[in-house]
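Residue numbers (this note's numbering), protein chains in the order written: chain A, 21 to 359; chain B, -8 to 339.
The following block contains the structure:
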């Protein structure tokens, strides 16, 4: 393997990105006859191009090429069959040798394997569970926080916000030491007579970590919508004879749908791409799709980058689809105001 | 007019993002790229005082990370601390400069057994900085029997109190050793056997960790763990119940060498720093800070009996003899290794 270089058409891509950006800028200024607003947006646009648009192009570029820069679809075949690259890497001598020994590829453990697909399905399932749990925990919490008669509401909001000032990794590591065998929670469980439990290094621990980290992303969009809601609507409903349950069911709930949709998307997206949380709390035994992609990019053999890019691209398509869903239900982006 | 102003401001923005190379060219510098927490940084202060050369410190967390950085930013690093098998690859890819040993007279202090290792057979490109072994760290209150074989890691008696290494080469390597094969094997039948062995072991493994392992062992969270000898020493300092053994089937012996990238801009300063780090008093400072074995014989002799008789930090020759160096695995075989390791990590 020679030194890695961005291939020629990678540069072309970047060049085209820049040209398109500057062209757009000029066209916009001409249309507005001067630079009243667009000039203020240009630093952000530049940021967007360098750190979002170009990397996206590069991911797409890598997922359709091999390490030498030639077009290929093999990276997507690797998604379908995780041993595809390993089989391709076998030398003809090796193939002949093992065939003469009467060993098939399946005997060697290099037959078709659906690790990537299984992991994606597992990740989707974990993200789905996480979203449901966050919704069940988050909606009541947001509702209580937005309730005008509840005096401690603002205090609760602060209690939700303060932990977010800390880095999420730090919080997850703290969670680790709480959950470990000789940790605080197990000591309490032993003291009250329940006995020590295996709380760490399993799927439940990973799920708990995900819910813990992503719950604010569910609570705040809902809280935001409920807080902005005109209280007179509830009063009017009550004047017209609704009891509390019906006020909630007929007025509050329908009005909070944009917040709920926004919350679902904001929890589901990071939950599908979770990595690291799973490594810390799952003890490296629970692999999510994010861990799989990370492992591809940390590998010394460079062709894994291309497979990793293909996996990322599929992930991005998935997220784009869920974003599209959000736009259908909440076109004004009401729910996302707070974050 | 306004268009021109606009274009100019965009250009200025673009240019301001370029790094200001050479802005500080007046001062002599050496750019060091090292593992996190792998150097007693007071030695850099001493170096700066003695030579007036300013040390720029940069850090990496994995070999893979480091390789990528050295490739994509030529000239940014003058002295790098890769693992041994990476040196082999960097030599093969012409990424390293030959060291001028006339500038490194302190090489005389280095243990001759550790010079001319497999990864740099003619000893042109590297000088050992630290070295050690891979073995089992165990808690004597939880493990009654003597730890002699890797097989103890497959004993169901210790279910849910075994910590394995989350590192492909190391974990595959010790399993291959346990089965009586080479850790550098390219035989797929052997690799498949090791993979099956690891998948069979997975239900009784508590976790796959690297950096977290030593703290778990100190806290008494697990009975047995696969660790580097340096981590073992650190943990044994903090918890008296812990002990370390290199199993009889043999293990990995590793060296972390110092190398100079071919693109280095301050090669002579890097050689000065290498020579400085090979000085016995400085090697001793680093050894006492990092707790890995020092290849510096003079430093070890100066450190007294406590140190020379500690078999973890200073393994006897017969232990080294049954151990094996990692060699670089060519890319196509590495892809196969990755596939097998993926099967282990994703087994349910």
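Note that beta-carbon positions come from the ideal geometry of N, C-alpha and C, so glycine has one too.
Below 7 angstroms on C-beta distance, what does residue i contact in chain B?
i, result
"residue 103(A)", "330"
"residue 106(A)", "326, 327, 330"
Between residue i and chain A, is there a C-beta pair that is closer than 8 angstroms?
i, result
"residue 326(B)", "yes"
"residue 334(B)", "yes"
"residue 253(B)", "no"
"residue 337(B)", "yes"
"residue 186(B)", "yes"
"residue 196(B)", "yes"
"residue 257(B)", "no"
"residue 230(B)", "no"
"residue 175(B)", "no"
"residue 243(B)", "no"
"residue 205(B)", "no"
May I ask you to list the residues that DSSP assigns as paired with residue i?
i, result
"residue 248(B)", "119(B)"
"residue 301(A)", "DSSP output for residue 301(A) lists no bridge partner at all."
"residue 45(B)", "20(B)"
"residue 234(B)", "129(B)"
"residue 154(B)", "198(B), 216(B)"
"residue 70(B)", "23(B)"
"residue 101(B)", "287(B)"
"residue 124(B)", "244(B)"
"residue 85(A)", "91(A)"
"residue 87(B)", "252(B)"
"residue 50(B)", "25(B)"
What in chain B is Cβ-close to residue i, meaning under 8 angstroms?
i, result
"residue 128(A)", "179, 180, 183"
"residue 135(A)", "333, 334, 337"
"residue 114(A)", "179"
At a Cβ threshold of 8 angstroms, is residue i touching chain B?
i, result
"residue 307(A)", "yes"
"residue 341(A)", "no"
"residue 111(A)", "yes"
"residue 324(A)", "yes"
"residue 86(A)", "no"
"residue 139(A)", "yes"
"residue 263(A)", "no"
"residue 166(A)", "no"
"residue 221(A)", "yes"
"residue 359(A)", "The predicted model places residue 359(A) with a pLDDT of 34, which falls under 50 and marks its position as unreliable; any figure quoted below should be read in that light. Not one chain B Cβ lies under 8 angstroms of residue 359(A)."
"residue 118(A)", "yes"
"residue 344(A)", "no"
Taking C-beta pairs closer than 9 angstroms, name the residues in chain B that residue i reaches, listed in chain order.
i, result
"residue 318(A)", "53, 55, 56"
Along chain A, which residues have their Cβ under 8 angstroms away from the Cβ of residue i?
i, result
"residue 199(B)", "303, 304, 305"
"residue 210(B)", "200, 202"
"residue 323(B)", "109, 110, 111"
Among the options, which residue has its Cα nearest to the Cα of residue i?
i, options, result
"residue 91(B)", "68(B), 206(B), 200(B), 257(B)", "257(B)"
"residue 61(B)", "193(B), 182(B), 22(B)", "22(B)"
"residue 42(B)", "59(B), 163(B), 263(B)", "263(B)"
"residue 250(A)", "239(A), 231(A), 271(A)", "271(A)"
"residue 284(B)", "219(B), 254(B), 312(B)", "219(B)"
"residue 333(A)", "99(A), 36(A), 145(A)", "99(A)"
"residue 243(B)", "166(B), 79(B), 148(B)", "166(B)"
"residue 125(B)", "135(B), 280(B), 155(B), 248(B)", "155(B)"
"residue 89(A)", "30(A), 205(A), 267(A)", "30(A)"
"residue 241(A)", "283(A), 247(A), 224(A), 165(A)", "283(A)"
"residue 75(A)", "92(A), 127(A), 278(A), 34(A)", "34(A)"
"residue 336(B)", "143(B), 158(B), 279(B)", "158(B)"
"residue 317(A)", "290(B), 57(B), 148(B)", "57(B)"
Strictly below 9 angstroms CB to CB, what residues from chain A border residue i?
i, result
"residue 147(B)", "Simply none; closest approach about 16 angstroms."
Mind pulling the chain A residues with CB within less than 7 angstroms of residue i?
i, result
"residue 157(B)", "304"
"residue 97(B)", "Result: empty, since nearest Cβ-Cβ is about 32 angstroms, beyond 7 angstroms."
Is residue i near the ligand NAD, going by C-beta to nearest heavy atom under 7 angstroms?
i, result
"residue 29(A)", "Absent from the structure shown: the ligand NAD. Ligands present: none."
Note to self: What ranges does the alpha helix (DSSP H) occupy inside the segment 244 to 324 of chain B, keeping only unbroken runs of at least 4 residues that lie completely in it?
What the structure shows: 258 to 268, 271 to 281, 288 to 293, 296 to 299, 308 to 312
Margin query: Quick check on the DSSP output: what are the complete alpha helix (DSSP H) runs of length 4 or more inside the segment 105 to 142 of chain A, in order along the chain?
Written below: 112 to 120
Check: Along the chain, which unbroken stretches of the alpha helix (DSSP H) at least 4 residues long are found entirely within the segment 265 to 295 of chain A?
Finding: 277 to 292
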